[in-house]
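Some notes on the structure that comes next.
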Amino acid sequence: EQEVNENSLKRLNGYLENLQKPGFRSFKPTQLTFYVREREPSSSNLQESFSASGFRAVSFTLQTRDLLSTVLDILNSCSLSTEHIQSLNVNSQPNKEAKSTVDRPIKWDRTYYSFTGFKDPEEELEQAQRVETTLISWLDDNEASAVKKLKKSLPLRKELERLKIELSQQLQLSDIRWQRSWGIAHRCSQLHSLGRLVQQRPEVLKNVKGHTVIFTDRSGVSAAGHIMLGTMDVHHHWTKIFERLPNYYKLQKRLLLLEDRISQLLGGIEVIYMEELQPLLTLEEYYESLHSFYNRLRDSRLPFHPRSLRGLQMILESDRYAPSLHEFGHFTIPTVCDPATLQWFIFAKAQEARENLKRKEE
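Residue numbering for the sequence shown follows our numbering, starting at 1288 and increasing by one per position.
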């Protein structure tokens, strides 16, 4: 009898919790059986049987869709008074004021949770509220520490700025940047390392004038023409990159020529490389993608009218499989895009692309 009551309580608890879930619509009729103390015989049509221990079994099926009706059905099924419930004039539908309360399961007596081993939702809620950290409280707690660290870092920040300006002027660089958010001390160390190379091998840096140096994960020249210095590489690797710069510049000219040929095949659409939107590629990687795309276009002989797409732009990406139109107005074209699909997409989206470009300029 005790086991039957415990199992029925668990199922009843689940039913009542579902009733209180916002938007819950799927209700499965739930049949429950409880053993209650024997009272006067009831004329109820419910199935009842009496045991030798003085308890009678009451079986009923829950299929109501609101809390009040469910509670009343349970009380009536067990032949218990419902006057105190009805006198409360409880509205089973949540009113406007109730919408602001925390949505949580029905509260049972703590002995129920101790007996069944279930977790008390109210106790969990109280614990969560005690440990809850808001952004404002976190900022308040860490304000003093942040100010202290900022003051401590100011000399290093000034040193970083000094080194950057000094090297930029000495090498006549356009800019010095970092691909990743390394710490200030790490950045200073990288600039010191470049400064030592300038002192030891000044002749290898004669070709960097007007260019941007980017400290990143690997050495080379980027698709945008920036000099990439791998932070894990030693001076020997950096030196080789600087010595090969004339060859990189020749490859860059060939790349520009290849972009122009692709543009001619696609009705004058401009092929561009956007650092902020595309992955960081080396010059060799980008040239290989362009060359593969160009061969595919040349063999397909797409019938684009010359200069019909002038004013439009496209970028080439190797990790996509379907063309798309960016909100800024440029086309994003996969390297492996089917030529026929490419032609249809550009024709279909050309006007929208012009409108997006116009909005961007405004």
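Just so you know, even glycine gets a beta-carbon here, dropped at the ideal spot from N, CA and C.
Boundaries (first-last residue) of the beta strand (DSSP E) holding residue i
| i | result |
| --- | --- |
| P1621 | 1618-1621 |
| F1615 | Here F1615 belongs to no beta strand (DSSP E), and DSSP marks it neither H nor E. |
| F1321 | 1317-1324 |
| L1296 | Taken as a continuous stretch (DSSP letters only), L1296 belongs to no beta strand (DSSP E), being part of the alpha helix (DSSP H) at 1289-1306. |
| D1462 | 1462-1465 |
| T1348 | 1342-1349 |
| E1604 | 1600-1604 |
| L1596 | That residue, L1596, is in no beta strand (DSSP E); it is neither H nor E in DSSP. |
Residue i to residue j span [Cα, whole Å]
| i | j | result |
| --- | --- | --- |
| L1481 | E1413 | 56 Å |
| C1475 | H1617 | 38 Å |
| I1556 | D1606 | 21 Å |
| Y1608 | G1512 | 26 Å |
| P1610 | H1578 | 18 Å |
| H1524 | G1507 | 9 Å |
| M1601 | H1613 | 9 Å |
| I1549 | A1640 | 19 Å |
| N1305 | L1355 | 14 Å |
| N1534 | R1597 | 31 Å |
| I1423 | D1547 | 54 Å |
| E1410 | L1296 | 20 Å |
| D1390 | T1357 | Confidence in D1390 is poor, its pLDDT being 49 and thus under 50, which makes the residue's placement unreliable; the coordinate value appears in the next sentence. Straight-line Cα distance between these residues: approximately 19 Å. |
Segment limits, alpha helix (DSSP H) that includes residue i
| i | result |
| --- | --- |
| W1631 | 1626-1648 |
| S1455 | 1422-1458 |
| S1368 | Premise fails: S1368 is in no alpha helix (DSSP H) and is neither H nor E. |
Residue i in three-state terms, based on DSSP
| i | result |
| --- | --- |
| W1525 | helix |
| L1538 | helix |
| D1360 | helix |
| A1472 | helix |
| G1507 | strand |
| S1387 | Only weak support exists for where S1387 lies, its pLDDT of 42 falling under 50; the coordinates are left without a value. |
| V1495 | coil |
| G1482 | helix |
| L1516 | strand |
Distance between beta carbons of residue j and residue i, contact taken as under 8 Å
| i | j | result |
| --- | --- | --- |
| L1492 | F1529 | 6 Å |
| E1319 | L1303 | The sequence as given places Leu at residue 1319; Glu does not occur at that position. Not confirmed; about 12 Å, so no contact. |
| A1472 | T1569 | With 8 Å as the limit, A1472 and T1569 do not qualify as a contact, their Cβ atoms being about 28 Å apart. |
In chain order, each alpha helix (DSSP H) run of at least 4 residues that lies wholly inside the stretch 1545-1587: 1570-1587
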